[in-house]
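Written out below as structure tokens is the structure these notes cover.
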Amino acid sequence: MSTAGPLGEYLRARRELIGPGDVGLPAHGRRRVPGLRREEAALLAGISADYYLRLEQGRDRRPSTQVVEALARALRLDADAAAHLHGLARPVPARRAARPSERVPAGIRQLVGSWAETPAFVHGRHLDVLFANPAATALAPIFTAGVNLLRAVFLDPSVPALYPALTAVAANAVAGLRAQVGPEVNDPRLIELVEELTAGSERFRRLWARHDVKARAGGGVRVFQHPELGELALRYEKLAISGTTQSLVVYHAEPGSPSARSLARLARRAAPR
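Whatever position you read off the sequence shown (first residue = 1), add 46 for the working numbering.
In structure tokens:
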């Protein structure tokens, strides 16, 4: 961690992702670094350039709520990114109590296990798979209890063949990790994981430096290239499990679609005999 601290690092990363044209400013002269200049970001936020510099350098780490909201608007942050910025500016004091157990609640295990034809798994705070049903593991071996999804996406040489849109998968994984850990960037397990992935993957280094954030809950479409069944286009839903730092991920297909038929065949093969 640099002396700028989490807030300063985040402000700089997001500032460098925005060009003058993105915010209606003229681009005068050649720029040696990407993105907005600090004084431009300060102007857009309605604060002094000196105060903005202090925030980025970590010399002031507790801006007011009004300033944080102005910075979020100036940097064109979406709802997830703005919430993350507020968390960095107002971090919750470290608790002395131990972190919540990553044991999956019994009811969730029973529910996920009962979905014979619906791939589903639970992952924890650092994207470790904690529980998966047979359909999920049959869909993708990385959906197996004990596998860390970040390590799999960035370090497992078999994963690119699984995801035709690996670039988007990788970006979502990193942004998801940021959302899972929130402002607690001094988490020892997080530091260990980031150091390992930074050393082993240039793609991870680039994505981590962007400071993108994607909410714990959400959904979308994911395309898998299964070695036996070919391409499956599946919708996924990601749900936060109440009272835990865990997330439930469920995959399903459009009823009557080729992917739905392939998913049914996959489930039959995965069913215990």
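Ideal Cβ placement from N, Cα and C applies to all residues, glycine included.
Remember, it's a predicted structure, so these values are computed and weren't measured experimentally.
Counting along the chain, where does the beta strand (DSSP E) carrying LEU294 start and finish?
As a working note, residue 294 is residue 248 in the sequence shown. Where LEU294 is concerned, the enclosing beta strand (DSSP E) stretches over 293 to 298.
Quick test of your reading: LEU173 and GLN226, contact by CB under 8 Å. State the CB separation rounded to the nearest angstrom.
For the purposes of this step, residue 173 is identified with residue 127 of the sequence shown, where counting begins at 1. For the purposes of this step, residue 226 is identified with residue 180 of the sequence shown, where counting begins at 1. Rounded, the Cβ-Cβ distance is 7 Å, consistent with contact.
Who does PHE270 pair with in a DSSP beta bridge?
Taking the first residue of the sequence shown as 1, we reach residue 270 at position 224. Paired residue(s): LEU278.
What's the C-alpha gap between PRO318 and LEU312?
As a working mapping, residue 318 is identified with position 272 in the sequence shown. As a working mapping, residue 312 is identified with position 266 in the sequence shown. Those two C-alpha atoms are separated by around 12 Å.
For PRO180, the nearest candidate out of VAL193, ALA166, LEU117 (CA to CA):
Along the sequence shown, read from residue 1 onward, the residue named residue 180 stands at position 134. The shortest CA-to-CA distance from PRO180 to any of VAL193, ALA166, LEU117 is the one to ALA166.
How is the beta strand (DSSP E) around PHE167 delimited, first residue to last?
Taking the first residue of the sequence shown as 1, we reach residue 167 at position 121. Per DSSP, PHE167 belongs to the beta strand (DSSP E) from 166 to 169.
I'd like to check one pair, VAL259 with ARG224: are the Cβ atoms closer than 8 Å?
For this step, residue 224 is matched to residue 178 along the sequence shown. For this step, residue 259 is matched to residue 213 along the sequence shown. Yes, Cβ-Cβ distance for ARG224 and VAL259 is below 8 Å.
How is the beta strand (DSSP E) around PHE177 delimited, first residue to last?
Position 131 of the sequence shown holds residue 177. Its beta strand (DSSP E) spans residues 175 to 178.
GLU85 burial status per 10 Å Cβ neighbour count (16 or more: buried)
What you label residue 85 is simply residue 39 of the sequence shown in a count that begins at 1. When all chains shown are included, GLU85 counts as exposed.
What does DSSP give as the partner residues of GLY265 in its beta bridges?
The residue labelled residue 265 in the question sits at position 219 within the sequence shown. Answer by DSSP bridge pairing, in chain order: GLU283.
Can you grab the Cα-Cα spacing for the pair ASN218 / VAL199, in whole Å?
Stepping through the sequence shown from its first residue, residue 218 is reached at position 172. Stepping through the sequence shown from its first residue, residue 199 is reached at position 153. Approximately 11 Å, taken between the alpha carbons.
Based on Cα-Cα distance, which residue from LEU294, LEU309, ALA162 lies nearest to PRO301?
Stepping through the sequence shown from its first residue, residue 301 is reached at position 255. Of the listed residues, the one whose Cα sits closest to PRO301 is LEU309.
Can you round the beta-carbon distance between ALA279 and VAL267 to whole angstroms, since I take them to be within the 8 Å contact cut?
Within the sequence shown, residue 279 is the residue found at index 233, counting from 1. Within the sequence shown, residue 267 is the residue found at index 221, counting from 1. The C-beta separation of ALA279 from VAL267 comes to about 6 Å, placing the pair in contact by the 8 Å criterion.
What distance in whole Å lies between the Cβ atoms of LEU57 and GLU115, which are believed to be in contact at a cut-off of 8 Å?
In the sequence shown, the residue the question calls residue 115 occupies position 69. In the sequence shown, the residue the question calls residue 57 occupies position 11. 14 Å between Cβ atoms; not a contact.
Determine the closest residue to SER94 out of PRO206, LEU117, ARG235, with distance taken between C-alpha atoms.
Against the sequence shown, residue 94 aligns to sequence position 48. For the set PRO206, LEU117, ARG235, the Cα lying nearest the Cα of SER94 is the one of LEU117.
Per DSSP, the bridge partner or partners of ASN194:
Residue numbering aside, residue 194 sits at position 148 when the sequence shown is read from its first letter. BP columns for ASN194 point to ASP174.
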